[in-house]
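Written out below as structure tokens is the structure these notes cover.
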Amino acid sequence: MLELTRVTAGYDRRDPVVREVSLSLAPGESLGLLGPSGCGKSTLARVAALLHRPYGGTVVLDGEPVRGWRHRAPRARRTAVGVVFQQPRLSADPRLTLRELVAQPLRATGRRAEVADRVAALAPAVGLTPELLERRPHEVSDGQLQRACLARALVLRPRWLICDEMTAMLDASTTAALVAVVESYRRESGAGLLAVGHDRVLLERWCDRTVGWQECSAPGAPRGAMSPGGQEILTT
Ligand SMILES: Nc1ncnc2c1ncn2[C@@H]1O[C@H](COP(=O)(O)OP(=O)(O)OP(=O)(O)O)[C@@H](O)[C@H]1O
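In numbering that gives the first Met the number 0, the protein residues as written are 0 to 235.
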């Protein structure tokens, strides 16, 4: 299980953006977390991906409480979670070719010998041709770069996948293609998926269940929130 309990997080301890949010995800399950822009979805996604240390609450991953975030998290814990962000250009090193980008986690974990096979298997699955793999981020479209970022998130075969507005910048056909890749990986691997976003139609079609930000926040959470029906409501 991936379990977040009363997680409080943000960038200013006196005014956290995420206040006492709880959710849990079972292996093989897909959960859509819906919330309006700015409510703290990306911050929570980063906490769940062990990239952002919360001020309070607990994160339990595969039965063990998480005690270290970012470089302080043991490698096996960090690599159990794959993450795809909304803006591929912010998360892709502009000096790398797409092939190097996809292979980055393998190299970082000392698994160089697997690079050729893993990239050869993943590239066609995400729709990257051999020619595109040799280009750098400034030579490809956002959709092509996001395909590479998704491959990078899957290359270590994570047990948990977090898609933070993965398709927000993409057209309908690229969105459908990337969702299909994630679903195929989820079915084949039994990984759990947390898909975060504000597109209710997309997340309801994509995920086994969806939950609104308001529903998983402690009562009285003072940020923008979603009503149980998914309609945006104003809070103080
Ligand atoms: N690095 C940061 N430093 C300070 N404040 C930040 C930082 N990142 C985000 N914030 C603020 O935290 C709040 C929540 O941001 P976050 O990106 O988590 O929301 P979101 O729900 O994912 O938004 P969106 O749907 O627009 O991506 C916003 O008010 C934002 O300005």
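A virtual CB, placed ideally from N, CA and C, is assigned to each residue, including glycine.
All values reported here derive from a predicted model rather than from experimental measurement.
Between the CA atoms of Glu-187 and His-197 - distance to the nearest angstrom: 27 Å
Whole angstroms are fine: how far does the CA of Leu-193 sit from the CA of Leu-160? 6 Å
I want to see whether chain B comes within less than 8 Å of Glu-203, judged by CB atoms only; does it? Among the chains in the structure shown there is no chain B, since it carries only a single protein chain.
Taking C-beta to C-beta, are Leu-97 and Val-139 nearer than 8 Å? yes
Sorted by chain position, which residues of the same chain lie with C-beta nearer than 8 Å to Cys-215's C-beta, five sequence neighbours on each side aside? Val-20, Ser-21, Leu-22 and Leu-32
Answer yes or no: the CB of Gln-85 versus the heavy atoms of ligand 1, is any distance below 7 Å? yes
Only counting the same chain, and skipping five residues up and downstream in sequence, which positions put a Cβ closer than 6 Å to that of Arg-185? Leu-192
For Cys-148 and Val-83, which I take to be in contact (beta-carbon distance under 8 Å), what is that distance rounded to the nearest angstrom? 5 Å
Apart from the five residues on each side of it in sequence, which residues of its chain come closer than 7 Å, Cβ to Cβ, to Ser-36? His-197
Less than 8 Å separating the beta-carbons of Val-246 and Val-59? With the chain covering only 0 through 235, there is no way to say anything about residue 246.
Quick check on the contact list: which residues have their beta carbon closer than 5 Å to a heavy atom of ligand 1? Tyr-10, Val-16, Ser-36, Gly-37, Cys-38, Gly-39, Lys-40, Ser-41 and Thr-42
Beta strand (DSSP E) segments (min. 3 residues) lying fully within the region 72-136: 80-83
Determine the DSSP secondary structure at Trp-205, reduced to helix, strand or coil. helix
Is Val-114 closer than 8 Å to Ala-102 when the C-beta atoms are compared? yes
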